[in-house]
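Letter by letter, the sequence shown follows residues 1 to 143 in UniProt numbering.
Ideal Cβ placement from N, Cα and C applies to all residues, glycine included.
As the structure is a prediction and not an experimental result, all values here were calculated from the model.
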Amino acid sequence: MSRQVSIDITLVSKETRVNIIKRLISNGWTFSYYGEVSYLPIGDEDFDWCYERLNNKQTLKLLSEKEEAEELIGVVLTWQNTDVGGEILFNLDLSMSFVVSINRKTIGNCNSVTDMNWYLTKIIPFLESANTKVECINFEEYI
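Right under this line is the structure:
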């Protein structure tokens, strides 16, 4: 049986989705997923993830093109050198889902419960700014 864990966040912002992602990258998150970038390509409607060796500039250019095309932005983020992370799906309405899928952090010795605090402390402080506020946070974990 597979486990599904997501953190759904709704933002109120005057910033672009790419600028918000840049803030996450500036504060410890990386696009690196085992040396590659995993992303939803331009024109994708089937969640057909691509894997490529791209630098940050190339990745941000691709995400900006998706923003300009008013498409769902999807990219894998991992935390610094931990290989812990997941897929971020960022909608036009500034709602986003962080799907916890890569080396999930758990509470203490309890492998059945995700340590949501670990993720929140590494996401929420970097989402909020003078122009961006968190409106709603929803956690879901299906065991």
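Beta-bridge annotation (DSSP): M96 is paired with I9, F90. In the structure shown, Y142 falls within a strand segment according to DSSP collapsed to helix, strand and coil. Going by DSSP, I42 is part of no alpha helix (DSSP H) at all; its letter is neither H nor E. The alpha-carbon of L24 is positioned some 27 Å away from that of S112. Cβ-Cβ separation between T78 and S32: approximately 6 Å, consistent with a contact (criterion under 8 Å). In this structure S38 touches V76 by the C-beta definition: roughly 4 Å separates them, less than 8 Å. When DSSP states are grouped into helix, strand and coil, W49 belongs to the coil group. Here E128 is actually not in contact with T10; their C-beta atoms are around 13 Å apart, not less than 8 Å.
DSSP places T121 in the uninterrupted alpha helix (DSSP H) bounded by 116-127. Of all alpha-carbon atoms in N138, E68, W49, the one lying nearest the alpha-carbon of E36 is that of W49.
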